[in-house]
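Residue numbers (my numbering): 43 to 301. The structure appears right after this line, and notes come after that.
And the structure:
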């Protein structure tokens, strides 16, 4: 099975985007709170998956949360505390680009925390998520997979492509040597935190375009019936010829030159 081409992907994604827009309209109409967690290997394609879900949605309703490392004050707080303030309110959709599961992944593998804190997290995470879902939040947890051969290709591409160079960090390079350690950490995480109220879903992102389609279809299928007709709007005739722009104080700058 070959990788999807761009044109085929666009054709398959278009109807899903229409469904996603409908999902957002349904969330606004019903007050649903939707929270989607994106975890996975470095280079798996979390950013692209997040854009696939939220790219066509109103950014005032659908927002992405990508937290940096905790500051000194946050280091003294309850571990989940800094994430709570970013949870969705009524009608909102929040997409976490990595999440509280940093503790069970990069922090554990790269030695940024100790085993006692990891074990505490693995015990507390299902309880924390039970509180969220009991309160009515619709919580979806996705882990994006990719083989190391693809990870190596994508890391090299980031190194060589000036438009992607910003994605490459020393931690990413150090993680190359920890592929199996991340596998072990993931399996321990799944064993401890895959629950009936907040299950994990693994999605194959060796083909990132196919992975996005798979993830979006799964997300939509797991929501209730989201069919809500858009409100009717009256769009009467303008009543006169359209008016061209006119300027008295400043003129627009020159157009971008195209040969």
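Just so it is clear, CB atoms sit at the ideal spot from N, CA and C, and this is done for glycine as well.
What is the rounded straight-line gap between the Cα of residue 107 and the Cα of residue 215?
-> 24 angstroms
Starting from the N-terminal side, write out each stretch of the alpha helix (DSSP H) that is 4 residues or longer and does not extend beyond the segment 227–292.
-> 250–263
Rounded C-alpha distance that separates residue 65 from residue 135 = 10 angstroms
Buried or exposed: residue 197, going by 16 or more other Cβ atoms within 10 Å of its Cβ?
-> Its Cβ being crowded by 16 or more others within 10 Å, residue 197 is buried.
Quick one: Cα of residue 71 to Cα of residue 132, how far?
-> 9 angstroms
Roughly how many angstroms lie between the CA atoms of residue 115 and residue 170, to the nearest whole one?
-> 21 angstroms
Straight-line CA distance for residue 266 to residue 158?
-> Their backbone Cα atoms lie some 39 angstroms apart in a straight line.
Determine, using beta-carbon pairs with one atom in the segment 47–55 and one in the segment 147–163, whether at least three such pairs fall under 8 angstroms.
-> no
Roughly how many whole angstroms lie between the Cα atoms of residue 210 and residue 92?
-> 19 angstroms
Can you tell me which of 177, 186 and 86 puts its alpha carbon nearest to the alpha carbon of residue 243?
-> 186
Just grab the DSSP bridge partners of residue 183 for me.
-> Its beta-bridge partners are 79 and 242.
Give the straight-line distance between the Cα atoms of residue 208 and residue 174, rounded to the nearest whole angstrom.
-> 34 angstroms
For residue 107: DSSP bridge partner residues = 138
Three or more beta-carbon pairs under 8 angstroms between the segment 122–131 and the segment 220–237, yes or no?
-> Contact between the segment 122–131 and the segment 220–237 is absent: fewer than three C-beta pairs spanning the two stretches fall below 8 angstroms.
Secondary structure of residue 145, DSSP reduced to three states = helix
CA-to-CA distance, residue 192 to residue 90, given in whole angstroms | 15 angstroms
6 angstroms CB neighbourhood of residue 270 in its chain, flanking five on each side removed = Take residue 270, set aside five residues on each side of it, and the residues of its chain with a beta-carbon closer than 6 angstroms to its own are 67, 68 and 71, in chain order.
Would a check of beta-carbon distances place residue 145 closer than 8 angstroms to chain B?
-> This model lacks chain B altogether, as it is built from one protein chain only.
Relative to the C-alpha of residue 177, which residue among 299, 49, 80 and 76 is closest?
-> 76
Does DSSP put residue 71 in a helix, in a strand, or in coil?
-> helix
Within the same chain, show all residues whose beta-carbon is closer than 6 angstroms to that of residue 217, passing over the 5 residues directly before and after it, in chain order.
-> 84
Inspect the beta-carbon positions of residue 247 and residue 82 and report whether they are closer than 8 angstroms.
-> yes
Could you round the C-beta distance between residue 80 and residue 164 to whole angstroms and report it? I think they count as a contact, below 8 angstroms.
-> So it is not a contact: roughly 20 angstroms between Cβ atoms.
Closest to residue 60 by CA distance: which of 184, 97, 149 and 44 is it?
-> Looking at the Cα atoms, 97 is the closest of the given residues.
Element boundaries [alpha helix (DSSP H), containing residue 102] | For residue 102, there is no enclosing alpha helix (DSSP H), as DSSP gives it neither H nor E.
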